[in-house]
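Protein chains in written order, with the working numbering: chain S, 1 to 275; chain U, 1001 to 1310.
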């Protein structure tokens, strides 16, 4: 090695090429350094907002709902909480997979900075997705911690629901990151996605009332959403009513969406960062 | 020792880059030696940045051979990048992080330990005169400070080769001189620099050797002095007229080459004063006249033309 020490002092470095897992983790570390100073600004939308929904709808409106077949025999608060876990995880994830991605490509160009180091475009994508998954996980865990003393959690199965909620979020996040990465000029794409995909999904995919209440022709649309599959998994896991085959079906669908998103995202990240 | 057998840090033969139908780089040969400051000059769209991106191992070549630090970017990209410092044309700092955090996070991408990166970040903030802004967010910093931070960041891994793509574009004169001073110091420390620029004074100040690119090709190569003596004359006589009044025929034969501008005639000649006397003797009466040394700018405009590129 040539010895270069531009500052004239003695700290010698020994740069090396991190492996893929470590590289992705270093990208997470970079985001974490930002987050640990700035987490307060996002706490309202990611943790408090779902808690407000839980209180207003679960405790307030729910006091007028009699437990019955439609609520799986549960008090409405407990019927709602595991599904709200999935729904808010997906909303947190969707926020993280729009403007932050566009900005890292276009405005701040931080991805271009990272790929000038030994870290590759694919590793950047892996790190970004891992970071979103962790962030969704933190928020979901915080929601559970607040929901527990309200009596909103049906049982210890909610820990499994937490895992399913993160998977549900990522089934939307991975394709959404792939899409955001293709955007060169932001016009209205993100608000269209939020208004016409995320919003209807959070209202109609079974979070607040059974899908059976909807007209039959809407059902296939609902089944396409990752949130419906996630809601079924989270609710059944919370009350300990998971059945093997349906659960495997839901899982397979969510994992397939993640895989498709990763595949498409990888192509776009490489195309934009290594051309 | 880095580099391959013949000691070149960068070696290119017939290097080409195409984007679809557009040929950005059309087959160039390069040899950058250890310790030198090597410049790419050229108008916008000449292929400088595309070449830099190939050398930086973030853009695979379409054709030709390229080795950087003795390795092939196509197969050893990450290993090469571990030993490069890159200052891109557009800053890509994380503006929501502080100065120190930017250096820290970036250093970690090179697999450096936390303690090494912390110490290195502190040194580099001194070097870039940013120590008093260490814990400020980057967003509100001036353009010059951001640029200095970008350069400091590119040194976090003690690179063997530093790539600077238009390092001083958009900076005020004070900021440019401070940056040049830092780059001189790096050069003295033995860091090899590759610089692209379209500022001729920058190229004359910084570069030991340079190539002029135009339309994806290298059109000239040498030290600033060599290029001036090869492609221009020692002196230039500028005769200024009321626009439209100048008559190139009146000075024909007085100089090696005459260039006609809207308000001026440029006479490329070995002895400007003698040429001026000869012009006066012919009855040429300019509004004013100026004898100056040829500069790299004369070479550049001669080689790449005065037509606006974009």
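Virtual Cβ for every residue (Gly too), placed ideally from N, Cα, C.
- Residues of chain S with a Cβ closer than 7 angstroms to the Cβ of residue 1082 (chain U) are, in chain order, 15, 16, 17, 118.
- According to the DSSP secondary-structure assignment, residue 84 (chain S) is paired through a beta bridge with no residue.
- In this structure, the straight-line span from the alpha carbon of residue 1059 (chain U) to that of residue 1103 (chain U) is close to 24 angstroms.
- Nearest C-alpha to residue 1249 (chain U) among U:1238, U:1265, U:1110: U:1265.
- The three-state secondary structure of residue 1113 (chain U), taken from DSSP, is coil.
- Unbroken alpha helix (DSSP H) runs of no fewer than 4 residues, entirely contained in the region 124 to 190 of chain S, are found at 158 to 182, following chain order.
- Relative to residue 83 (chain S), the option among S:275, S:259, S:246, S:238 whose CA is nearest is S:238.
- Chain S places a beta carbon closer than 7 angstroms to that of residue 1111 (chain U), counting this residue as a contact.
- Shortest Cα-Cα distance from residue 211 (chain S) to any of S:229, S:197, S:182 involves S:229.
- In terms of beta-carbon proximity, residue 184 (chain S) stays away from the interface with chain U, with every pair separated by 7 angstroms or more.
- Residue 61 (chain S) and residue 170 (chain S) have their C-alpha atoms spaced approximately 30 angstroms apart.
- When Cβ-Cβ separations below 7 angstroms define contact, residue 1097 (chain U) makes contact with chain S.
- Any Cβ of chain S closer than 7 angstroms to the Cβ of residue 1224 (chain U) would place that residue at the interface, and such an atom is absent.
- Beta-bridge partners assigned by DSSP to residue 1197 (chain U): U:1041.
- Residue 1079 (chain U) belongs to the set of residues whose beta carbon lies under 7 angstroms from a beta carbon in chain S.
- Distance between residue 1278 (chain U) and residue 1243 (chain U), taken at the CA atoms: about 22 angstroms.
- Cβ-Cβ distances below 8 angstroms link residue 1098 (chain U) to 1134, 1135, 1136, 1137, 1138 in the same chain, with the five nearest sequence neighbours on each side left out; the list follows chain order.
- If you compare the alpha carbons of U:1246, U:1217, U:1290, U:1160 with that of residue 1194 (chain U), the shortest gap goes to U:1160.
- Pairing residue 139 (chain S) with residue 129 (chain S), the inter-Cα distance amounts to about 15 angstroms.
- For residue 1019 (chain U), the three-state secondary structure derived from DSSP is strand.
- Apart from the 5 residues on each side of it in sequence, residue 1091 (chain U) sits with its Cβ closer than 7 angstroms to the Cβ of 1146, 1147, 1150 in its chain, given in chain order.
- Nearest to residue 1047 (chain U) by C-alpha distance, out of U:1225, U:1213, U:1019, U:1140, is U:1213.
- Straight through space, the alpha carbons of residue 1223 (chain U) and residue 1036 (chain U) are spaced by roughly 11 angstroms.
- Counting other Cβ atoms within 10 Å of its Cβ, residue 217 (chain S) stays below 16 and is therefore classed as exposed.
- In this chain, residue 1227 (chain U) is not harboured by any beta strand (DSSP E); it is covered by the alpha helix (DSSP H) spanning 1224 to 1231.
- Across the structure, residue 156 (chain S) and residue 104 (chain S) are spaced so that their CA atoms are roughly 39 angstroms apart.
- Taking the Cα positions, residue 1014 (chain U) is about 18 angstroms away from residue 1021 (chain U).
- At least one C-beta of chain U is nearer than 7 angstroms to the C-beta of residue 274 (chain S).
- In summary, the residues of the region 92 to 111 of chain S whose CB is separated from some CB of chain U by less than 7 angstroms are 108, 109, 110, in the order they occur in the chain.
- With contacts defined by Cβ atoms closer than 7 angstroms, residue 1034 (chain U) and residue 1192 (chain U) form a contacting pair.
- With a contact defined as Cβ atoms closer than 8 angstroms, residue 1105 (chain U) and residue 30 (chain S) qualify at about 4 angstroms.
- Contact of residue 1049 (chain U) with chain S is not assigned, every C-beta pair being separated by 7 angstroms or more.
- With respect to the C-alpha of residue 1081 (chain U), the residue from S:16, S:126, S:186 having the closest C-alpha is S:16.
- Nearest in C-alpha terms to residue 46 (chain S), of all of S:153, S:241, S:88, S:67, is S:88.
- Residue 1101 (chain U) carries a helical assignment under DSSP once its states are collapsed to helix, strand and coil.
- Within chain S, 26, 29, 30 have C-beta atoms less than 8 angstroms from the C-beta of residue 1108 (chain U), given in sequence order.
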